[in-house]
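Trainee:
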Amino acid sequence: NAGVMQNPRHLVRRRGQEARLRCSPMKGHSHVYWYRQLPEEGLKFMVYLQKENIIDESGMPKERFSAEFPKEGPSILRIQQVVRGDSAAYFCASSGDSKKNSPLHFGNGTRLTVT
Amino acid sequence: KQEVTQIPAALSVPEGENLVLNCSFTDSAIYNLQWFRQDPGKGLTSLLLIQSSQREQTSGRLNASLDKSSGRSTLYIAASQPGDSATYLCAVGGGSEKLVFGKGTKLTVNP
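Chains H and V supply the protein sequences, listed in that same order.
Taking our numbering as reference, the numbering of the first sequence is continuous, increasing by one, and the terminal residue is 115.
Taking our numbering as reference, the numbering of the second sequence is continuous, increasing by one, and the terminal residue is 1111.
1) Using beta carbons (cut-off 9 angstroms, strictly below), is H/ARG111 in contact with chain V?
2) Output the boundary residues of the beta strand (DSSP E) element that contains V/PHE1025.
3) Using the rule of at least 16 other Cβ atoms within 10 Å of the residue's Cβ for burial, across every protein chain shown, is H/HIS10 buried or exposed?
4) What are the boundary residues of the beta strand (DSSP E) that H/ASP56 is part of?
5) Taking V/GLY1093 as part of the beta strand (DSSP E), name the residues at either end of that continuous run.
6) Take V/LEU1021 as the anchor and find which of V/GLY1093, V/SER1085 and V/PRO1111 has the nearest alpha-carbon.
7) Please go through the stretch 1025 to 1088 of chain V and give each complete beta strand (DSSP E) segment of 3 or more residues, from N-terminal end onward.
8) Does any CB atom of chain H fall closer than 9 angstroms to the CB of V/LYS1001?
9) Along the stretch 1034 to 1067 of chain V, where does the CB come closer than 7 angstroms to a CB of chain H? Name the residues.
10) Taking the Cβ atom as the reference point for each residue, do V/VAL1013 and V/VAL1109 lie within a distance shorter than 9 angstroms?
11) Should H/SER30 be flagged as near chain V, meaning a C-beta pair shorter than 9 angstroms?
12) By how many angstroms is the C-alpha of H/LEU112 removed from the C-alpha of V/SER1070?
13) CA-CA distance, H/ILE54 and H/VAL47?
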């Protein structure tokens, strides 16, 4: 199954540590999106990337958060110096092109818990 | 700023009942609207995608409608089954690639 793969499924970090979340898009997809789902909230857009480029990061917090999608390998969402408020489910989605009518395919998410 | 609202937040129905989930959005300038299903602890499964030029889409027992002018969409589920129990999310695609999601409707279908 060549679906969107995210790892790890669950991640526990202490306050102040770094969290790295990985996402491999569907085979043939070169567009990756990261969304965050806080408890009792809807999914919120964070960032949209194409290979080696950040296209739209308007949903990313200004500090501690960064994302990349290198030429080779998965997309990485990195959270430095995590705080309890970062605890959430982080979902990655991919699409095959930039046409606005292409459906997004989501992974199963990474559930981050900050203790 | 686009806002998406889903009503009701939760719904419980007996097996076999037909039901409607509602989604409303504030900005009618959309490219598409997508309905997803989310199971507990899982990711999102795309159910139906309606382009802005379309009025409805059907897949099996599911039918989604779109009324751009009034900023509304409905998801109709026919002959509901316990396996339909999940949270249903509505998401609107606007002028950029990002989707704006509602908070979802949690559906429970009782055997």
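Just so you know, even glycine gets a beta-carbon here, dropped at the ideal spot from N, CA and C.
Mentor: Reading off the structure:
1) Counting from one through the first sequence, the residue named residue 111 of chain H turns up at place 111. Taking Cβ atoms only, chain V reaches closer than 9 angstroms to H/ARG111, which makes this a yes.
2) Walking along the second sequence from the start, residue 1025 of chain V turns up at place 25. It spans 1019 to 1025 - the beta strand (DSSP E) in which V/PHE1025 sits, taken as one unbroken run.
3) Your numbering for residue 10 of chain H matches position 10 in the first sequence. By the 10 Å Cβ count, H/HIS10 comes out exposed.
4) Along the first sequence, one-based indexing puts residue 56 of chain H at 56. It spans 53 to 56 - the beta strand (DSSP E) in which H/ASP56 sits, taken as one unbroken run.
5) Along the second sequence, one-based indexing puts residue 1093 of chain V at 93. Note, V/GLY1093: beta strand (DSSP E), 1086 to 1093.
6) On the second sequence, residue 1021 of chain V is found 21 positions in, with the first residue counted as 1. If we check each option's Cα against that of V/LEU1021, V/SER1085 comes out closest.
7) 1032 to 1038, 1044 to 1051, 1056 to 1059, 1062 to 1067 and 1072 to 1077
8) Translated into the one-based positions of the second sequence, residue 1001 of chain V becomes position 1. Not one chain H Cβ lies under 9 angstroms of V/LYS1001.
9) GLN1034, LYS1042, GLY1043, LEU1044, SER1046, LEU1049 and GLN1051
10) Walking along the second sequence from the start, residue 1013 of chain V turns up at place 13. Walking along the second sequence from the start, residue 1109 of chain V turns up at place 109. Yes, the pair counts as a contact, with Cβ atoms nearer than the cut-off.
11) Reading the first sequence from its first residue, position 30 is the one you call residue 30 of chain H. With 9 angstroms as the cut-off, H/SER30 does not count as an interface residue toward chain V.
12) As a position in the second sequence, residue 1070 of chain V is number 70, starting the count at 1. As a position in the first sequence, residue 112 of chain H is number 112, starting the count at 1. If you take the alpha carbons of V/SER1070 and H/LEU112, they lie about 38 angstroms apart.
13) Along the first sequence, read from residue 1 onward, the residue named residue 54 of chain H stands at position 54. Along the first sequence, read from residue 1 onward, the residue named residue 47 of chain H stands at position 47. Their Cα atoms are separated by approximately 8 angstroms.
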